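Asker: First residue of the sequence shown? That's 300 in our numbering, and the numbers climb one at a time after it.
Glycine included, every Cβ here is placed at the ideal spot set by N, Cα and C.
These figures come from a predicted structure and were not determined experimentally.
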Amino acid sequence: MRSCSRCILHRYRKNAVPGEGSRNASVMLIGEAPGATEDELGRPFVGAAGRLLTMVLESLGIRREQTYITNVVKCRPPQNREPRDDEIENCSIYLESQIVMLKPKIVVTLGNIAGKKVFSMCSIEWEGIMRMRGRVYSVNLLGLDVSVIPTIHPAAALYNPSLREILTSDLKYIRDLMYGSIGKESNKRDTKTLLDYIKKRHLDYVESGI
300 MRSCSRCILH RYRKNAVPGE GSRNASVMLI GEAPGATEDE LGRPFVGAAG RLLTMVLESL
360 GIRREQTYIT NVVKCRPPQN REPRDDEIEN CSIYLESQIV MLKPKIVVTL GNIAGKKVFS
420 MCSIEWEGIM RMRGRVYSVN LLGLDVSVIP TIHPAAALYN PSLREILTSD LKYIRDLMYG
480 SIGKESNKRD TKTLLDYIKK RHLDYVESGI
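1) With DSSP collapsed to three states, give me the class of residue 487.
2) In this structure, does DSSP put residue 439 in helix, strand or coil?
3) On the criterion of 16 or more Cβ atoms from any shown chain inside 10 Å, does residue 413 qualify as buried, or is it exposed?
4) Using only CA atoms, which one of 349, 306, 380 lies nearest to residue 389?
5) I need the straight-line Cα distance from residue 343 to residue 331, nearest angstrom please.
6) Are the region 351–362 and the region 452–469 touching by the rule of at least three beta carbon pairs closer than 8 Å?
7) Thinking residue 324 and residue 449 are a contact (beta carbons under 8 Å), I'd like their distance in whole angstroms, please.
8) Count the other C-beta atoms from every protein chain shown that fall within 10 angstroms of the C-beta of residue 482, then say buried if there are 16 or more, exposed otherwise.
9) Alpha carbon to alpha carbon, what distance is there between residue 367 and residue 329?
10) As a quick exercise: from 327, 335, 384, 396, pick the residue whose alpha carbon is nearest that of residue 300.
11) Locate the beta strand (DSSP E) running through residue 370, then write down its first and last residues.
The following block contains the structure:
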């Protein structure tokens, strides 16, 4: 993955940023793309937005080390622009392989790009972050039964206290699910089986490391 050249973004990166965290994590957090600090260090969510995310998680009794954190796109887009559809599609094989190999029970999508991508894998129409957030979706994601929590990207909450409250409120669902104190939305959807997925995406192409 670190030597990938599947899309134009490899020309601009300093480091690809695959993901970081426990390989046994039940919680996966998925953002949009690396920023400048992430590109410099080759690690996800280590800039200002990442520090805010870590702080909110710790305030809820969840250590960052208990989770696995990654992005939809593994290389920084120039000038921090949003990743384009073709870039997202070319990088999909890596995100999908991470999900299949790690088998998370809870997936948190951070922002519109991540939410739209993950919900498209479940054949659920994405209606925008402010319409979709505030609940837990019980879905079939690449053959796995997963609880998906869509919320805003922590970058949006950096300088807006009201959005920070929304982020904290949504991330509380992680704690509630971990300790079994929440009833999930009935949004189960049939999606492709794991075998169909492997045949379609040719996972043998993907490097064995995550």
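Answerer: In short, the structure shows the following:
1) Because the pLDDT of residue 487 is 42, which lies under 50, any placement of that residue in the model is unreliable, and the number read from its coordinates should be weighed accordingly. Note: residue 487 maps to coil in three-state DSSP.
2) Residue 439 carries a strand assignment under DSSP once its states are collapsed to helix, strand and coil.
3) Buried, because 16 or more other Cβ atoms sit within 10 Å of the Cβ of residue 413.
4) For residue 389, the closest alpha carbon among the candidates 349, 306, 380 is that of 306.
5) When rounded, the distance between both Cα atoms is 10 Å.
6) Under the Cβ criterion (8 Å, minimum of three pairs), the region 351–362 counts as touching the region 452–469.
7) Actually they are not in contact, since the Cβ atoms of residue 324 and residue 449 sit about 19 Å apart, beyond 8 Å.
8) Reliability of the predicted coordinates at residue 482 is poor, the pLDDT of 49 falling under 50, and the value obtained from them is presented with this limitation in mind. Answer is exposed; the Cβ neighbour count stays below 16.
9) Residue 329 and residue 367: Cα-Cα distance of roughly 9 Å.
10) Nearest of 327, 335, 384, 396 to residue 300, Cα basis: 396.
11) 366–370 is the extent of the beta strand (DSSP E) around residue 370.
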